[in-house]
Amino acid sequence: MGLMISDHRMALNFLWRGVASLALCLIAFWAGLAGYWTAQREPPIRVESVELLTPEVPAGGTVRVRHTTTRFDPCHLTLERSIIDAGGVLFRLEDVSFSAGRVSVGAEEPFIETTPVPPGMRPGTARLREILVHTCNPVHRFWPVTQRMPDIQFRVTPEN
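Just remember that the working numbering sits 2 ahead of the position in the sequence shown, which is counted from 1.
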């Protein structure tokens, strides 16, 4: 009878150690993955060129900009846009989202962005301000990688 109790305890002890080892391995794996995701802070896009296609735009019109970019990681991208008019008034525009699956990785990719110029903007030199917000992994949902682009200057003409 003494052998049976000892065997039973030994089996439970072996099972407990196996479960604890598995739990520690899972914790180490998830901690390592979270550390990797947290350290991933470089923007996954390099902007090769920016070309203003419409240097003069009437208030209420559309400014067009050609961007050429190279993506290094297929991440979700949100483009936050605003325009600052000649009087220094900030006009916040609707964000534009690009899904991670619609991009090619490693190749230069041109695209044309159209941005509405709000009616009532003061004529004169205006600046289009863009911030790229990248979400590449679960940590970036709470702490996204941001990339502020240089302001793009254009001229707002009076409304037609």
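All C-beta atoms, glycine included, are put in the ideal place defined by N, C-alpha and C. None of these values were measured; they are calculated from a predicted model.
Point to revise | Minimum C-alpha distance to residue 114 - residue among 65, 160, 122 and 28 | key: On the sequence shown, residue 114 is found 112 positions in, with the first residue counted as 1. The residue with the shortest Cα to Cα distance from residue 114 is 65.
Point to revise | residue 140, DSSP secondary structure in three states | key: As a first step, residue 140 must be located in the sequence shown, where it is residue number 138. It is helical.
Check your understanding: At what residues does the beta strand (DSSP E) containing residue 113 begin and finish?
Key -> On the sequence shown, residue 113 is found 111 positions in, with the first residue counted as 1. First-last of the beta strand (DSSP E) with residue 113: 110 to 118.
Review point. Name the DSSP beta bridge partners of residue 126, please?
Key: Counted from its first residue, the sequence shown places residue 126 at position 124. According to DSSP, which records beta bridges pairwise, residue 126 is partnered with 158.
Point to revise | residue 67, DSSP secondary structure in three states | key: Here the question's residue 67 lines up with position 65 in the sequence shown. Strand, per DSSP.
Check your understanding: Are the beta-carbon atoms of residue 58 and residue 135 separated by less than 8 Å?
Key -> Counting from 1 along the sequence shown, the entry for residue 58 is found at position 56. Counting from 1 along the sequence shown, the entry for residue 135 is found at position 133. It is not a contact, given that the beta carbons lie outside the stated cut-off.
Review point. For residue 47, is the classification buried or exposed, using 16 other Cβ atoms within 10 angstroms of its Cβ as the cut-off for buried?
Key: Along the sequence shown, one-based indexing puts residue 47 at 45. Buried: at least 16 other Cβ atoms inside 10 Å.
Review point. Taking C-alpha atoms, which residue in 31, 158, 80 and 14 lies nearest to residue 146?
Key: Counted from its first residue, the sequence shown places residue 146 at position 144. Answer by Cα proximity: 80.
**Study point:** Sub-8 Å separation of residue 74 and residue 107 beta-carbons
**Key:** The residue given as residue 74 occupies position 72 in the sequence shown. The residue given as residue 107 occupies position 105 in the sequence shown. Taking 8 Å as the Cβ cut-off, residue 74 and residue 107 qualify as a contacting pair.
Review point. What whole-angstrom Cβ distance do residue 154 and residue 67 have, given they're in contact under 8 Å?
Key: By 1-based counting over the sequence shown, the position of residue 154 is 152. By 1-based counting over the sequence shown, the position of residue 67 is 65. With a beta-carbon spacing of about 6 Å, residue 154 and residue 67 fall inside the 8 Å limit used to define contacts.
**Study point:** Where the beta strand (DSSP E) through residue 45 begins and ends
**Key:** On the sequence shown, position 43 is the one that residue 45 refers to. Secondary structure note for residue 45: it is in no beta strand (DSSP E), with a DSSP letter that is neither H nor E.
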